[in-house]
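Peer 1: Numbering (the numbering used here), first residue to last: 189 to 549. I'd like to ask some things about the structure below.
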Amino acid sequence: MRYTLPEEFHVFGFAKDLLDWYDAQKRDLPWRINRDPYRVWVSEIMLQQTRVDTVKPYYANFMEKFPTVQALAEASEEDVLKAWEGLGYYSRVRNLQAAAREVQERYGGVVPKTPEEIRTLKGVGPYTAGAILSIAYEKPEPAVDGNVMRVFSRLLYLTDDIAKPATRIKIEHLVRQVIPEGRAGDFNQALMELGAMVCSPRSPQCLTCPVFDYCIARREGVQEELPNKGKAKPPRPVHLQVALIVRDGAVMINKRPEQGLLAGMWEFPMVETDVESEAAKRELVTQQMNERFGVEVEVQERIGEVQHTFSHLQWNMQVWLCDWISGDELPPTARFAAVEELDDYTFPVAHHKIRPMLDKK
DNA sequence: GACGCGTGGGT
DNA sequence: TACCCAAGCGT
């Protein structure tokens with residue numbers, strides 16, 4: 189694979205025109221107030237696969253609760269997870285806290301300044317490492333995200349599939365050759381800003397683009413055809429029966445395993461089923477609640493259906509109201525919680541749709 | 001290299 | 001509606 193820029197590409201002019209535009213047009217974002225490495229770090233983790241407008245309120249709350257590496261390192265995992273509730277990709281915040289503890293203990297609370305060291309931190313991959321090093325420390329490292337791959341695909345008419353890891357490596361080599369002396373952080377941010385505000389996935393605003401003159405795809409009229417991106421598989425359907433087991437104004441909840449999907453979050457107990465008859469579902473719920481949680485229940489009525497789609501799964505949930513009959517020896521992951529106290533627990537969004545059904549009861 | 005991992009907004 | 005997309009990382 190070739191990692192060299194086309195001869196006719198004017199590196200200096202491109203960087204200058206892009207930076208002039210960025211200096212004049214950049215958005216006021218809360219993580220751009222200063223270049224504190226911890227603030228940059230938290231923002232980059234939150235922004236992974238997540239939109240700016242979604243992140244803003246979470247960022248403000250998170251920085252208020254955990255303003256320093258030390259504060260995050262010393263916080264309880266429940267408090268940290270609660271502050272992330274609703275943002276998605278929860279392993280991000282578990283890794284972030286583990287890394288904060290690592291920075292506190294091993295680096296005296298100072299975020300490392302070399303690619304080798306910072307890459308050892310949990311949750312810090314090639315993009316995040318480059319972003320922190322360039323923005324906080326002005327190191328000439330590339331920070332290649334989806335925006336940058338789209339911009340460069342068009343700018344240089346690259347037809348490589350950006351879904352493949354090898355393409356990111358290639359674009360990192362190319363970006364490295366364009367980063368201007370002394371302004372690595374702004375340059376990387378400018379590329380992303382351009383991708384977000386001008387060089388959008390669909391209907392790019394080429395007529396107002398500050399680097400229109402440098403763009404090969406635009407010159408050839410193929411900007412709408414790029415980048416080349418492989419198609420994702422559709423989510424796999426899963427059928428689930430949800431049991432709302434009520435006992436004196438309390439409802440049973442269960443903590444998910446510490447690994448895998450929605451790790452460590454609370455949920456109402458669920459049973460996976462094939463699509464079957466109503467009677468079979470009732471029977472299965474009764475049997476499974478007994479086997480897994482040691483409680484005898486009487487399934488009352490079906491009080492609702494909820495559908496929730498993940499990137500790779502589609503949960504089709506049918507919700508059953510159940511009476512607790514007997515059984516006090518719950519496994520350590522399960523408990524009965526008063527309805528008013530449910531807000532103290534972290535639930536996935538899929539279960540937020542179930543919660544209102546309890547209040548109606 | 002392929003897959004698992006959330007959620008919300010846009011067209 | 002049914003897609004697509006969004007400042008990726010770990011395994």
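For glycine and all other residues, C-beta sits at the position ideal for the given N, C-alpha and C.
Under DSSP, the beta strand (DSSP E) around H496 begins and ends at which residues?
Peer 2: Reading the first sequence from its first residue, position 308 is the one you call residue 496. H496 -> beta strand (DSSP E) spans E484 to T497.
Peer 1: Could you check whether L501 and P445 sit closer than 8 Å to each other, using their CB atoms as the reference points?
Peer 2: By one-based count along the first sequence, residue 445 stands at place 257. By one-based count along the first sequence, residue 501 stands at place 313. For P445 and L501, no; Cβs fall outside 8 Å.
Peer 1: Determine the direct distance from the alpha carbon of I542 to that of R342, and round the result to whole angstroms.
Peer 2: Translated into positions along the first sequence, residue 342 becomes position 154. Translated into positions along the first sequence, residue 542 becomes position 354. Rounded to the nearest angstrom, the two C-alpha atoms are 45 Å apart.
Peer 1: Is the region 233-247 touching the region 255-270 in the sense that three or more CB pairs, one from each, lie closer than 8 Å?
Peer 2: no
Peer 1: Secondary structure at S341, three-state DSSP: helix, strand or coil?
Peer 2: As a working note, residue 341 is residue 153 in the first sequence. In the structure shown, S341 sits in a helix (DSSP, three-state: H, G or I).
Peer 1: When the Cα of K358 is compared with those of F535, V527 and L193, which residue comes out closest?
Peer 2: Numbered from 1 along the first sequence, position 170 holds the residue referred to as residue 358. Nearest of F535, V527 and L193 to K358, Cα basis: L193.
Peer 1: Could you tell me the boundaries of the alpha helix (DSSP H) in which V571 lies?
Peer 2: Not covered by the structure: residue 571. The range shown for the chain is 189 to 549.
Peer 1: For Y210, tell me which candidate among R435, E460 and L379 has the shortest Cα-Cα distance.
Peer 2: Taking the first residue of the first sequence as position 1, residue 210 is located at position 22. By alpha-carbon distance to Y210, the top candidate from R435, E460 and L379 is L379.
Peer 1: Can you tell me whether H540 is buried or exposed, with buried defined as 16 or more other CB within 10 angstroms of its CB?
Peer 2: Within the first sequence, residue 540 is the residue found at index 352, counting from 1. By the neighbour-count rule (16 or more Cβ atoms within 10 Å), H540 is not buried but exposed.
Peer 1: Using 8 Å for Cβ pairs, my map puts R338 next to P398. What's the rounded Cβ distance?
Peer 2: Here residue 338 is taken as the residue at index 150 of the first sequence, counted from 1. Here residue 398 is taken as the residue at index 210 of the first sequence, counted from 1. So it is not a contact: roughly 16 Å between Cβ atoms.
Peer 1: Three Cβ pairs or more, each shorter than 8 Å: is that satisfied between the region 469-486 and the region 507-516?
Peer 2: yes
Peer 1: Does DSSP classify E266 as helix, strand or coil?
Peer 2: The residue given as residue 266 occupies position 78 in the first sequence. Correct three-state label for E266: helix.
Peer 1: I'd like the list of long-range same chain contacts for E232, defined as Cβ closer than 7 Å, with 5 residues on each side in sequence excluded.
Peer 2: On the first sequence, residue 232 is found 44 positions in, with the first residue counted as 1. Cβ neighbours of E232 beyond the five flanking positions: T316, A319 and I320.
Peer 1: Where does F254 fall in DSSP's three states?
Peer 2: For the purposes of this step, residue 254 is taken as residue 66 along the first sequence, with counting starting at 1. Here F254 sits in coil by DSSP.
Peer 1: Please name the residue, chosen from G409, P303, K327 and K253, that lies closest to R223 on a Cα-to-Cα basis.
Peer 2: On the first sequence, residue 223 is found 35 positions in, with the first residue counted as 1. Selected option, being the one with the closest Cα: K327.
Peer 1: E326 by DSSP, collapsed to three states: which one?
Peer 2: Taking the first residue of the first sequence as position 1, residue 326 is located at position 138. Of the three classes helix, strand and coil, the one that applies to E326 here is coil, per DSSP.
Peer 1: On a CA-only basis, which of R239, K253, D401 and Q236 is nearest E196? Give me that one, please.
Peer 2: Reading the first sequence from its first residue, position 8 is the one you call residue 196. For E196, the closest alpha carbon among the candidates R239, K253, D401 and Q236 is that of D401.
Peer 1: Just to confirm, are F456 and V430 a CB contact at a threshold of 8 Å?
Peer 2: Taking the first sequence and counting its residues from 1, one reaches residue 456 at position 268. Taking the first sequence and counting its residues from 1, one reaches residue 430 at position 242. The answer is yes: Cβ separation under 8 Å.
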